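When we follow full-length UniProt numbering, the leftmost residue of the sequence shown carries the number 1, and every step to the right adds one.
Reviewing the structure listed below.
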Amino acid sequence: MRITHLGHSCVLLEMADTRLLVDPGTFAEDVAEVRDLDAVLVTHQHPDHLDPERLPALLAANPGARVLCDPGSAEVLSGLGVEATVHDGPTRVGEVTVTPVGEVHALIHDDVPRIPNVGVRLDADGEPSFFHPGDALDADPGAVDVLAFPLQAPWQRSREMTAFLRRLAAPRAVPIHDGLLQPRGRALYLGQAEQLGSSDTEILDLAGRGAVELRAGE
């Protein structure tokens, strides 16, 4: 598996000769040059996870890419003229099984309506398993090798982030959802993840590192 953190919650996964892009939102880097995608996975409709301006052009440049998403994002994508599939069960993309996990976005405020949020678990023979939760910490993907975890968010307290790391206790965890942080704040939250998260988990900060290869069992 090769993982590239493209900013905030956007991650490019290359596994089992399959290329999947998760949550290309407004806080992500320029994804216009990403090619040969087999699928784009969207966890929910908030713009920092689904960029309505850049996504149509990205899909036009990747005509073979399927779009799998939650019910709320399907409505947004339809308005953009993008055909998407609401995944309500495991779906095969190439040699990768994409399993939807979870249903609802974390509570932001009692006055803000909650929307659908569907995280994605990715599995392929001989590859590490991977889970991206979107914007929720309550779903249970089962045991996974690599966990993407929100570092900071308006809907998340720091102790909830570290409890999420402890509960899933994945061997490796990649920080995402960091687009609102300046360097000092980011370092603080990373330190809390490392010191107060799971003692069984190695925190892998992939920001700015390009594609990083991870192997099953390492």
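For each residue, glycine too, the CB sits at the ideal point set by N, CA and C.
Please read these numbers as outputs of a predicted model, since none were measured by experiment.
Would residue i and residue j be called neighbours here (beta carbons separated by less than 7 Å)?
i	j	result
HIS105	ASP145	no
LEU151	HIS177	yes
GLY119	THR43	yes
ILE108	TRP155	yes
LEU58	THR85	no
ASP38	GLY94	yes
GLN45	SER73	yes
LEU55	LEU41	no
VAL96	ALA139	no
THR99	ARG66	no
ALA124	ALA16	yes
HIS8	ASP48	yes
GLU6	LEU12	The identity of residue 6 in the sequence shown is Leu, whereas the question assumes Glu. Yes, the Cβ-Cβ distance between LEU6 and LEU12 is below 7 Å.
LEU165	GLY197	yes
ARG2	GLU194	no
Could you tell me which residues DSSP puts in a beta bridge with residue i?
i	result
PHE130	LEU122, VAL146
ALA173	LEU147, ILE203
HIS5	VAL11
LEU41	VAL22, LEU68
ARG92	THR97
VAL212	ILE3
ALA153	GLN156
Quick one: is residue i buried, meaning 16 or more other Cβ sit within 10 Å of its Cβ, or exposed?
i	result
residue 245	Residue 245 is absent from the structure shown; the chain starts at 1 and stops at 218.
GLU127	buried
ALA143	exposed
ASP23	buried
VAL76	buried
ALA148	buried
ALA28	buried
Any heavy atom of the ligand COA inside 6 Å of the beta-carbon of residue i?
i	result
VAL86	For the structure depicted, the ligand COA is absent and the ligand set is empty, with no information on it obtainable.
For my contact list, residue i and residue j are in at a C-beta cut-off of 8 Å; report their separation, rounded to the angstrom.
i	j	result
GLY210	THR18	At roughly 19 Å, the Cβ-Cβ gap does not stay under 8 Å, so GLY210 and THR18 are not in contact.
ALA163	ILE203	Not quite, the Cβ-Cβ distance comes to about 15 Å (not below 8 Å), so this is no contact.
ARG92	ASN62	Not a contact, Cβ separation roughly 18 Å.
In chain order, each alpha helix (DSSP H) run of at least 4 residues that lies wholly inside the segment 44-90: 55-60, 71-79
Complete beta strand (DSSP E) runs within the segment 96-122 (minimum length 3 residues, chain order): 96-101
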